[in-house]
Each structure stands twice: as structure tokens, then as C-alpha cells.
Amino acid sequence: MRFEVRRNANRVQTILVVAAAFAVFSVLAFVLGGQTTGTTLLVASGVILVFFSLEQGKAGWYYEIGDSALTVRRTFKKYTIPAATLEKARTIGWSGIRERVERYRTGSVAGGNRQVALGRLIGFSAVSIPVKGPQPKGRDTFVLLHRTDGREHILSPADPNAFLKECQRLIARGSSGGATSQ
39 MRFEVRRNAN RVQTILVVAA AFAVFSVLAF VLGGQTTGTT LLVASGVILV
89 FFSLEQGKAG WYYEIGDSAL TVRRTFKKYT IPAATLEKAR TIGWSGIRER
139 VERYRTGSVA GGNRQVALGR LIGFSAVSIP VKGPQPKGRD TFVLLHRTDG
189 REHILSPADP NAFLKECQRL IARGSSGGAT SQ
């Protein structure tokens, strides 16, 4: 079953600002660099702009729950989390996220590289999760996955309650031996 990710409205503004900067850069490249240099820079920066826009706009992002695994699909990557490695799933709000982020950031979570651990924690969310600063405004429900090896992942599906129910079904299948490890 496929679940859409929650998208942040601020991303559209970011894309528009970058596109405007790209337009100004393109004009300057042609005026200052001439046709050949301008064309080369236009093509190179255009490709970068397309990749940036796709990633910032969360194009192609979704979560998919199959019989034996949860797949996190991003624009250019795909992560698979086998059901057998999932321990539990629950909802979490901004305050819980901030508490966890602070534990990972300060290193009070045992083992491993703090930045890698923090990246794993928030890397599957389609909504920006600030490490410092004021608590963001907006929807307050995310899904927190606990894995058997102690890792946690925060996910931001558009429908957290339906997604949570399917995750719990997946975990039940994985713990009953119905899922195979990959």
C-alpha cells in the first residue's frame, strides 16, 4: 500500500526564489560571458536547478508498505526496511521529536556517530525538522519507527493514522515470522 508524504508549503517559495536567482544568473552569464560561455553555464545550472526542484518539491517521494518491508522512496533514492527489523511504531508530535533530536545532537544516545544517527532519525521525513530554534508551526503528528537494533526513524505521511495502522500490521507480520529479512 502506497502512502503520500506530507509536503511543506515553504518548499514552493524556496523553489521560486532559486528559480528567480537562476534567471538572473542566466542573464548575467550571457551578458558577461558571451554566447558560448552563457550557453554552457545555462545548461549546467539548468540541470542543477531541475534536480534541486525535484528534491525540494518532494517529487517521487512516498512510503510503501508491502508484505515484508517498508520502502521509503525519495526522488533519487530508495530505502527498504524489512519488517523483521521493526519493533514498534507510534505517533509522535513536535515536542517528542525535539526531545529526541536533542538527545541525538548532544550524544546522549549511545553508540555511533551523532550526525549519522541524527540523519537516520530525521532523514526519512519529508517535512523539515529543525535541530535548533523555535518549534515549527503546522501539523503535529508524525510516525516514529523503532527498530530492533535501537535505531529510530521519523516519517511524515500525509495520513499518519492510516499509515500507523499499516505499519503496525507490517510489524505484526514481521514478528510472527510471516516476513523474510532482506
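The sequence shown begins at 39 in our numbering and counts up one residue at a time.
Quick reminder that beta carbons are idealized off the backbone N, C-alpha and C, glycines included.
Helix, strand or coil: how does DSSP classify residue i here?
i, result
"Lys203", "helix"
"Ala107", "strand"
"Arg40", "strand"
"Thr118", "strand"
Spatial neighbours of residue i within its chain, please: C-beta separation below 6 Å, excluding the five flanking residues on both sides.
i, result
"Ile103", "Met39, Glu204, Leu208"
"Ala221", "Residue 221 falls outside the range modelled here, since the chain spans only 39 to 220, and no answer is possible."
"Tyr117", "Val110"
"Arg112", "Trp99"
Determine the extent of the alpha helix (DSSP H) in which residue i is found, giving its start and end residues.
i, result
"Thr129", "Not the alpha helix (DSSP H): Thr129 falls in the beta strand (DSSP E), residues 124–130."
Among the candidates the options, whose CA atom is the shortest distance from the CA of residue i?
i, options, result
"Trp99", "Ser194, Ile135, Phe68", "Ser194"
"His191", "Phe180, Ala200, Asp197", "Phe180"
"Leu202", "Ile130, Gly188, Arg189, Phe162", "Ile130"
"Phe162", "Glu137, Asp178, Pro120, Tyr101", "Tyr101"
"Tyr142", "Arg128, Leu92, Gly188", "Gly188"
"Leu79", "Asp197, Ala61, Ile53, Leu92", "Ala61"
"Ala210", "Ala67, Pro120, Asp197, Gly76", "Pro120"
"Thr186", "Gly212, Thr74, Phe90, Asp178", "Gly212"
"Val43", "Ala97, Lys115, Thr118", "Ala97"
"Leu54", "Val85, Leu66, Val81, Phe90", "Phe90"
"Ala115", "Leu92, Leu66, Gln206, His184", "Residue identity differs from the one stated: residue 115 is Lys in this sequence, not Ala. Of the listed residues, the one whose Cα sits closest to Lys115 is Leu92."
"His183", "Thr144, Ile135, Ser214", "Per the sequence presented here, residue 183 reads as Leu, with His not at that position. Cα-wise, what sits closest to Leu183 is Ile135."
If I measure Cβ to Cβ from residue i and keep anything under 8 Å in the same chain, skipping five residues before and after, which residues do I get?
i, result
"Ala200", "Phe41"
"Leu87", "Val56, Ala57, Phe60"
First and last residue of the beta strand (DSSP E) that includes residue i?
i, result
"Val181", "180–185"
Using a Cβ-Cβ cut-off of 7 Å (strictly less than) and excluding sequence neighbours within five positions of residue i, which residues of its own chain qualify?
i, result
"Phe63", "Ser83"
"Phe68", "Gly76"
"Glu71", "The question names Glu, but residue 71 is Gly in the sequence shown. Same-chain partners within the cutoff: Leu79."
"Pro198", "Thr129, Thr179, Phe180, Val181"
The ligand ADP and residue i: does the residue's C-beta get closer than 6 Å to at least one heavy atom of that ligand?
i, result
"Val181", "For the ligand ADP, the structure offers nothing, since it holds no ligand at all."
Stretch-stretch touch, CB-based, cutoff 8 Å, three pairs: the stretch 118–128 with the stretch 89–108
yes
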